[in-house]
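Each remark here refers to the structure printed beneath this line.
In the numbering used here, the protein residues as written are 13 to 441.
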C-alpha cells in the first residue's frame, strides 16, 4: 500500500475505540519480533510537559552524536511528526512499508482470537519496529494516555522512567482524583529501576513514592529550589541550577514560560541520571546545544507578528495556570483575544476560571475530534465570565474571523486543545 492507503488503514482502526490493556500490544509486537525489547528507552508519563521534556532529552542525545528516536502524540500538522529519528519525521514511504507488513500480522493475530488492535496500538508498534530497524541508539518514548495500561508500557526495562507534572486530566478514564491519576501514571515504573519525578502535589507524590517502594525503585525528584531564573522574555530564558550536586550556569532555552524552566530542570536531572547511573556519555556542550536547539511547537509559541498570535496547548488546570503566568509577564496591559476549543473529557471549568479574566474578546470553535465539546456549548460556559462570546464551528472560519477583527498591536491567544492548535498553526503560518 502507499502512504495514503497506510494512513487510511490506521485511521480505520479508530472504530475499535480506545482499549486499556497490554495483551494486544504484546501479541502484535511478538509477531513483529519484539522490537521494543531491543532498543534502549527513556519512558515519560504525566500530564503537562511530556513533549518538552522528551524534546530536551532527545536533542541532547542527538547533540552528543547518538541516533535517537522520539515518539510523541498527538501530532500538530502531519502524522509523521509522531515518529521522529534524529529530529526528522519518519518518511512517508517507511510508514507505507511498515503498515503493509503490520497488516498481515494483524490479520494473523485476529485469526488467533485476539481483538483487532486500536489506532494507538498500531502506531506504537510501528514506532518500535522502525526504531529497531533503523538501529536507534536510544528512544525517548512519550506515554499516550495514563501509563499503566498505555500501549507504550510494553517496555520491560527502561533506562529511566520519568513522571512530569500531574493534574486532573482524562478524568473519565484515569480517575477523578490526583491520587488515582498518579497511580495510573506511575504504572510505567518498573522493578529495581530508577524513577525521576517532577515535584508533585502531596497526594500524587505519596502515591508515586509508594509505587517506587513496592518496586524497589530509586525515587529521584527534580529540585527546583536550586534553580535561579536570570532572564525571561518572549524569545528565550536563561537560568542557573544545581543538578545532583553539579552546578549548571547560564543554561539557555528558547521555550517560553516559567513551567518550561522547571521542565528543563527535570530533563537535566534525567540526563544526569543517564550519565551517572546508566553510563551514557553526555558532554556539557551536548547538553547546552541540545537545550538551546529545543523547540516544541504549540507550547506558548509565537506564530505571527502584527497582531501577535500565540498558540498554546493549555487544556487543563496546570496548563492554564502556566499560560496565565506567561500572559501576565509578557502581555500585561495589552488587548487580548482568545480563540478556544476544548475536548469534553478535560477539566474545562478549571481552565475557564483561570483564563477568562485575561481576555476582552473570546471566540469558541469545535476541535476536529469525536471528543470535542461543541462551540455553542463552550460559549454558554464562557458567557459566565465574558460578554459577547462568538461561536464559530469551523476552525478555518474562526481563524479568519479572529484575524480580520484584530488590530496590529492586539494579542491573539489560541488555546484549549492540541487537536485544534495544530490546525490553527497550519492556517496562520
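Just so it is clear, CB atoms sit at the ideal spot from N, CA and C, and this is done for glycine as well.
In its own chain, which residues sit with a C-beta less than 6 Å from the C-beta of residue i, not counting the 5 before and 5 after it?
i           : result
residue 81  : 97, 143, 148 and 151
residue 223 : 198 and 201
residue 76  : 294 and 298
residue 447 : Residue numbering for the chain in the displayed model covers 13 to 441; residue 447 lies beyond these limits and cannot be assessed.
residue 346 : 423
residue 256 : 284
residue 176 : 58, 61, 62, 65 and 210
DSSP three-state label for residue i, please.
i           : result
residue 90  : coil
residue 324 : strand
residue 414 : helix
residue 316 : strand
residue 81  : strand
residue 231 : strand
residue 293 : coil
residue 376 : strand
residue 446 : Past the edges of the chain, shown from 13 to 441, lies residue 446, and the structure says nothing about it.
residue 96  : strand
residue 206 : strand
residue 248 : coil
residue 404 : coil
residue 264 : strand
residue 70  : helix
residue 36  : helix
residue 237 : helix
residue 441 : coil
residue 172 : strand
residue 384 : strand
residue 299 : helix
residue 184 : Because residue 184 sits at a pLDDT of 47, beneath the cut-off of 50, its placement in the model cannot be relied upon, and the point is left open.
residue 395 : coil
residue 23  : helix
residue 18  : helix
residue 330 : helix
residue 306 : coil
Per the DSSP calculation, residue i is bridged to which residue(s)?
i           : result
residue 121 : Paired residue(s): none; residue 121 is not in a bridge.
residue 258 : 255
residue 271 : Beta-bridge pairing links residue 271 to no other residue.
residue 52  : 150
residue 60  : 177
residue 351 : 375 and 426
residue 223 : DSSP output for residue 223 lists no bridge partner at all.
residue 101 : 96
Rounded to whole angstroms, what is the Cα-Cα separation between residue i and residue j?
i           : j           : result
residue 246 : residue 276 : 17 Å
residue 387 : residue 404 : 7 Å
residue 84  : residue 23  : 17 Å
residue 131 : residue 361 : 30 Å
residue 64  : residue 20  : 29 Å
residue 342 : residue 263 : 21 Å
residue 309 : residue 102 : 18 Å
residue 274 : residue 236 : 7 Å
residue 385 : residue 416 : 25 Å
residue 357 : residue 382 : 11 Å
residue 211 : residue 220 : 11 Å
residue 260 : residue 395 : 47 Å
residue 406 : residue 354 : 13 Å
residue 267 : residue 67  : 11 Å
residue 351 : residue 425 : 6 Å
residue 38  : residue 94  : 21 Å
residue 183 : residue 328 : In this prediction, residue 183 scores a pLDDT of 47, lower than 50, which makes its location untrustworthy; the coordinate-derived value is nonetheless stated afterwards. Whole-angstrom Cα-Cα distance: 11 Å.
residue 421 : residue 303 : 31 Å
residue 312 : residue 398 : 23 Å
residue 137 : residue 88  : 21 Å
residue 238 : residue 367 : 30 Å
residue 124 : residue 49  : 23 Å
residue 325 : residue 25  : 26 Å
residue 286 : residue 409 : 47 Å
Below 8 Å CB to CB, which residues in the same chain sit around residue i once its five sequence neighbours on both sides are set aside?
i           : result
residue 228 : 203 and 204
residue 108 : 13, 14, 15, 17 and 18
residue 114 : 40, 44, 134, 137, 138 and 141
Kindly list the residues whose CB is nearer than 7 Å to the CB of residue i, restricted to its own chain and excluding five residues on each side of it in sequence; keep chain order.
i           : result
residue 120 : 43
residue 315 : 321, 323, 437, 440 and 441
residue 162 : 155 and 156
residue 159 : 57, 165, 196, 197, 198, 199 and 200
residue 213 : 190
residue 135 : 22 and 94
residue 243 : 249 and 250
residue 435 : 380 and 407
If we define contact as Cβ-Cβ less than 8 Å, is residue i a contact residue for chain B?
i           : result
residue 362 : You won't find chain B in this structure, because it holds only one protein chain.
Inset, instruction - Could you pull out every unbroken alpha helix (DSSP H) segment of at least 4 residues lying fully inside the stretch 106 to 168, listed in chain order? - result: 131 to 145
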